[in-house]
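S.K.:
Right under this line is the structure:
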């Protein structure tokens with residue numbers, strides 16, 4: 000059935016006739032056009048839907064009215080609900096560290112402007128996050144990319160993040176050169192305990208690729224879900240941690256960050272749907288402001 004024909008039937012039945020319906024339609028349409036399209040509907044269904052003079056619905060018309068009336072009556076309400084949903088509900092996919100350490104203050108500021116803010120936060124790796132965005136199952140993705148952000152991807156780069164190690168000062172390593180020096184004495188193998196994120200996370204995968212290019216072998220002893228957990232275990236003496244330099248984030252006394260010399264930084268990016276939702280754009284603005292404030296700071 001033609002949905003437009005059903006809409007015309009709804010208005011004619013609601014108003015009690017074609018003439019009255021033509022005057023109250025939400026868009027301009029002439030009586031002859033309404034009449035011809037209703038005739039087409041009756042021909043398609045093979046029934047008479049209403050008597051013209053005086054106007055009254057037939058039994059078939061009453062059955063159709065019971066079907067279409069709830070839907071068309073609630074159309075304006077449905078539109079309002081959808082608009083409200085888009086203006087108060089934000090769906091974000093990001094890896095755990097961003098959700099835990101980077102987003103809370105941004106979301107808190109957004110909530111101060113949108114008190115009825117509702118959030119759906121998905122802890123996912125990059126490939127899953129971008130798949131969710133492509134399927135329109137999230138509004139915004141925060142992720143780490145290896146190279147520049149593709150021009151085909153709506154969004155922007157926020158921060159460059161150096162890849163390196165958080166090591167206890169007691170180990171005596173002052174730079175990445177000390178790591179390489181130790182490996183040379185062990186046929187490229189580094190025997191110190193290493194703590195990393197899961198191997199399918201971009202930072203871990205890129206770190207292992209970089210080691211392989213340099214002829215170094217260093218397997219993870221402990222795999223954790225977030226950088227916060229990684230730092231906890233480094234502080235407890237379980238090993239050193241493969242970490243991204245997070246501007247403004249203090250690692251605490253007794254630890255130091257050693258960047259991998261000659262390794263290109265990774266990029267923290269925000270990507271949104273096309274078209275983006277207003278809330279997603281507001282969140283990107285918050286992220287941009289925070290990134291600008293952090294950009295010139297370093298781990299301490």
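In the numbering used here, the protein residues as written are 0 to 299.
Quick reminder that beta carbons are idealized off the backbone N, C-alpha and C, glycines included.
By the three-class DSSP mapping on this structure, what secondary structure does residue 263 have?
M.R.: The residue given as residue 263 occupies position 264 in the chain shown. Reduced to three states, the DSSP call for residue 263 is coil.
S.K.: Per DSSP, what kind of secondary structure is residue 282 in: helix, strand or coil?
M.R.: Counting from 1 along the chain shown, the entry for residue 282 is found at position 283. In this structure, residue 282 counts as helix in the three-state DSSP scheme.
S.K.: Give the straight-line distance between the Cα atoms of residue 113 and residue 279, rounded to the nearest whole angstrom.
M.R.: Here the question's residue 113 lines up with position 114 in the chain shown. Here the question's residue 279 lines up with position 280 in the chain shown. Whole-angstrom Cα-Cα distance: 13 Å.
S.K.: Could you check where the alpha helix (DSSP H) with residue 233 kicks off and where it finishes?
M.R.: For this step, residue 233 is matched to residue 234 along the chain shown. Element bounds for residue 233: 226-234.
S.K.: Please look up how many angstroms separate the CB atoms of residue 163 and residue 192, rounded, as I've assumed it's under 8 Å.
M.R.: Within the chain shown, residue 163 is the residue found at index 164, counting from 1. Within the chain shown, residue 192 is the residue found at index 193, counting from 1. About 17 Å separates the two Cβ atoms, so there is no contact after all.
S.K.: Please report the Cβ distance between residue 89 and residue 118, rounded to the nearest whole angstrom; I am assuming they are in contact, meaning their Cβ atoms lie under 8 Å.
M.R.: Numbered from 1 along the chain shown, position 90 holds the residue referred to as residue 89. Numbered from 1 along the chain shown, position 119 holds the residue referred to as residue 118. Yes, residue 89 and residue 118 are in contact; Cβ-Cβ is about 6 Å, under 8 Å.
S.K.: According to DSSP, is residue 90 helix, strand or coil?
M.R.: By one-based count along the chain shown, residue 90 stands at place 91. Residue 90 falls in the strand class under three-state DSSP.
S.K.: Could you pull out every residue in the same chain whose Cβ sits closer than 8 Å to the Cβ of residue 259, ignoring the five residues on either side in sequence?
M.R.: Sequence index remark: in the chain shown, residue 259 carries index 260 (1-based). The answer, listed in chain order, is 161, 162, 163, 164, 175, 206 and 209.
S.K.: Are there three or more Cβ pairs, one per stretch, closer than 8 Å when the segment 26-44 is compared with the segment 97-105?
M.R.: No: fewer than three Cβ pairs fall under 8 Å.
S.K.: Secondary structure at residue 111, three-state DSSP: helix, strand or coil?
M.R.: Stepping through the chain shown from its first residue, residue 111 is reached at position 112. Residue 111 falls in the helix class under three-state DSSP.
S.K.: Should the segment 125-143 be called in touch with the segment 215-225, which here means at least 3 C-beta pairs below 8 Å?
M.R.: With a cut-off of 8 Å, the segment 215-225 and the segment 125-143 do not count as touching, because too few Cβ pairs lie within range.
S.K.: Let me know the secondary structure DSSP gives residue 304 once reduced to three states.
M.R.: The question about residue 304 has no answer here: the residues shown for the chain are numbered 0 through 299.
S.K.: Can you list, in chain order, the residues of its chain whose CB lies under 6 Å from that of residue 4, leaving out five sequence neighbours each side?
M.R.: Residue mapping note: residue 4 aligns to position 5 of the chain shown, counting from 1. Closer than 6 Å at Cβ, skipping near neighbours: 36 and 40.
S.K.: Please give me, in chain order, every unbroken run of the beta strand (DSSP E) with length at least 3 that falls completely inside the segment 144-209.
M.R.: Segments of the beta strand (DSSP E) lying fully in the segment 144-209: 154-160, 162-167 and 193-195.
S.K.: Is the distance from the Cβ of residue 71 to the Cβ of residue 6 below 8 Å?
M.R.: Against the chain shown, residue 71 aligns to sequence position 72. Against the chain shown, residue 6 aligns to sequence position 7. Yes, the pair counts as a contact, with Cβ atoms nearer than the cut-off.
S.K.: Measure the beta-carbon distance from residue 230 to residue 158 and round it to whole angstroms, keeping in mind my assumption that it falls under 8 Å.
M.R.: The count along the chain shown starts at 1 and reaches residue 230 at position 231. The count along the chain shown starts at 1 and reaches residue 158 at position 159. Contact flag wrong, Cβ pair sits at about 18 Å.
S.K.: Compute the Euclidean distance between the alpha carbons of residue 204 and residue 92, then round it to the nearest angstrom.
M.R.: On the chain shown, residue 204 is found 205 positions in, with the first residue counted as 1. On the chain shown, residue 92 is found 93 positions in, with the first residue counted as 1. Answer to the nearest angstrom: the Cα atoms are 20 Å apart.
S.K.: Whole angstroms is fine: what's the gap from residue 1's alpha carbon to residue 58's?
M.R.: Working through the chain shown from its first residue, we reach residue 1 at position 2. Working through the chain shown from its first residue, we reach residue 58 at position 59. Distance between the alpha carbons of residue 1 and residue 58 is about 20 Å.
S.K.: Below 8 Å on the Cβ atoms is my guess for residue 18 versus residue 30; work out the distance and round it to an integer in Å.
M.R.: As a first step, residue 18 is located in the chain shown; it is residue number 19 there, counting from the start. As a first step, residue 30 is located in the chain shown; it is residue number 31 there, counting from the start. Their Cβ separation, rounded to whole angstroms, is 6 Å, which keeps residue 18 and residue 30 in contact under 8 Å.
S.K.: The beta strand (DSSP E) spanning residue 240 covers which residue range?
M.R.: Within the chain shown, residue 240 is the residue found at index 241, counting from 1. 239-243 is the extent of the beta strand (DSSP E) around residue 240.
S.K.: What is the DSSP secondary structure of residue 54, reduced to helix, strand or coil?
M.R.: Taking the chain shown and counting its residues from 1, the one referred to as residue 54 is at position 55. Coil at residue 54, not helix or strand.
S.K.: Report the residue from 244, 183, 196 and 120 whose alpha carbon sits nearest the alpha carbon of residue 214.
M.R.: Mapped onto the chain shown, residue 214 falls at position 215. Considering only alpha carbons, the answer is 183.
S.K.: Between the alpha carbons of residue 51 and residue 9, how many angstroms are there, rounded?
M.R.: For the purposes of this step, residue 51 is identified with residue 52 of the chain shown, where counting begins at 1. For the purposes of this step, residue 9 is identified with residue 10 of the chain shown, where counting begins at 1. If you take the alpha carbons of residue 51 and residue 9, they lie about 15 Å apart.
S.K.: For residue 270, write down the residues that DSSP places opposite it in a beta bridge.
M.R.: Residue mapping note: residue 270 aligns to position 271 of the chain shown, counting from 1. DSSP, once it has assigned bridges, lists 140 and 154 as partnering residue 270.
S.K.: Just curious, the alpha helix (DSSP H) that residue 132 is in, first and last residue?
M.R.: Within the chain shown, numbered from 1, the residue matching residue 132 stands at position 133. Run containing residue 132: 125-133, per the alpha helix (DSSP H) assignment.
S.K.: Within 10 Å of its beta-carbon, does residue 299 have 16 or more other beta-carbons around it, so buried, or fewer, so exposed?
M.R.: Position 300 of the chain shown, counting from 1, holds the residue named residue 299. Note that residue 299 scores a pLDDT of 40, beneath 50, so its modelled location is shaky; the value from the coordinates is reported in the next line. Burial call: exposed.
S.K.: Which residue from 291, 282 and 293 puts its Cα closest to that of residue 105?
M.R.: Against the chain shown, residue 105 aligns to sequence position 106. Out of 291, 282 and 293, 282 has the C-alpha closest to the C-alpha of residue 105.
S.K.: How would you write the range of the beta strand (DSSP E) that residue 73 sits in, first residue to last?
M.R.: Taking the chain shown and counting its residues from 1, one reaches residue 73 at position 74. Looking at the DSSP string, residue 73 is not in any beta strand (DSSP E), and its letter there is neither H nor E.
S.K.: Give me the residue from 251, 275 and 244 with the minimum Cα distance to residue 293.
M.R.: Position 294 of the chain shown holds residue 293. Selected option, being the one with the closest Cα: 244.
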